[in-house]
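Add 3 to a position in the first sequence, counting from 1, and you land on the number used in the working numbering.
In this text, a Cβ means the ideal position worked out from N, Cα and C, and glycines have one as well.
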Amino acid sequence: MCGRYVSATPPDQIAAYFATGAPEALLEPSYNVAPTDDVYAVLADGGLRHLDAFHWGLVPYWAKDAKIGSRMINARAETVATNNAFTSAFQKRRCLVPADGFYEWAKRPGQKTKQPYFAHPPDGGLYAFAGLWEVWKGPNRDQPPLRSCTIITTDANDAMTSVHDRMPVILPESAWDAWLDRDNDDVALLGRLLVPAPPQIITLRPVGTAVGNVRNNGAQLLDEVEVEP
DNA sequence: CCAGACGTTGTT
DNA sequence: GTCTGG
DNA sequence: CCAGACGTTGTT
DNA sequence: GTCTGG
């Protein structure tokens, strides 16, 4: 799945990478992005792409309580088109979530602690996770609407299976326009984009367990560690 | 018809 | 909002 | 995803 | 064990 990732590239570089306008809100770089954090997402409006901040954890517009968001951090590619919680967002509110890489935890036989791995592009660049977004207008009319998002997951590819059986959907640049186009109602075509990425775009690096605590942050979280066999 | 859910993951 | 279960 | 809490009452 | 918070 995808429950923790890295977004440390400065906003102007993210904007340049995805050919968006300047971001509306500036977020601090994070080496430990956790659910409920504010994150960047790329949306398209007409031919123009925008880089906006969203709360990670989808709150459907019909939700009575925003708390549901903390349990909606991922959506399964296999069911995103049919599940009530996601259908309308899948049809009309798709986005890309930029990331420098993501973490997955591998269970180690005979040991209680899990080994975290940082999965990242071999030669730099950013991942574009497939995501959905929503706007929730809570009971308080005075409060600004809550903008939230979720990351779509799929089966692990050959690069990831040794660590975990799920991974985020990573879209190639060739798919970005089709995915972001609000007028694209070809759900069959959209569904075919939600497949495991080719393994060669992933390099795995074992890192320290400090990343497990959301209070920890900083580039040192990416330092490689020795893995006990 | 109304009431109630609407999610993913991991683990056993 | 929309679907499922009763 | 992992870490950490997991309770009620009354008082300020 | 299970839920909430980050």
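Under a 10 Å Cβ-count criterion, P175 is classified as exposed, with fewer than 16 other Cβ atoms of the shown protein chains found around its own Cβ. In this chain, the alpha helix (DSSP H) harbouring S177 covers E176 to L183. Around A131, the same chain offers L99, P101, I173, L174 and W179 as residues with beta carbons nearer than 7 Å, after the five sequence neighbours per side are excluded.
Counting along the chain, the unbroken alpha helix (DSSP H) around L193 starts and ends at V190 to R195. Per DSSP, reduced to three states, the secondary structure at Q203 is helical.
In this structure, Y120 and V210 form a Cβ contact; the two beta carbons are roughly 7 Å apart against a cut-off of 8 Å. Per DSSP, D158 lies in no alpha helix (DSSP H) segment; the continuous beta strand (DSSP E) that holds it begins and ends at L149 to D158. For D41, the enclosing beta strand (DSSP E) starts and ends at D41 to D48.
Put simply, the backbone Cα of T156 is about 31 Å away from that of Q146. Using a Cβ distance threshold of 8 Å, V83 and L149 do not count as a contacting pair. Here the C-alpha atom of R169 lies approximately 33 Å from the C-alpha atom of G141. Less than 8 Å separates the beta-carbon of F89 from that of L135. Boundaries of the beta strand (DSSP E) around A133: Y130 to W139. Beta-carbon to beta-carbon, Y43 and I17 are separated by about 6 Å, close enough to satisfy the 8 Å threshold. According to DSSP, residue pairing for L54 in a beta bridge involves V45.
Positions of the beta strand (DSSP E) runs, each at least 3 residues long and wholly inside the segment 80-137, are given as 97-102, 104-109 and 118-123 in order along the chain. Collapsing the DSSP output to three states places A11 in coil. A25 counts as exposed, since fewer than 16 other C-beta atoms from the protein chains shown sit within 10 angstroms of its C-beta.
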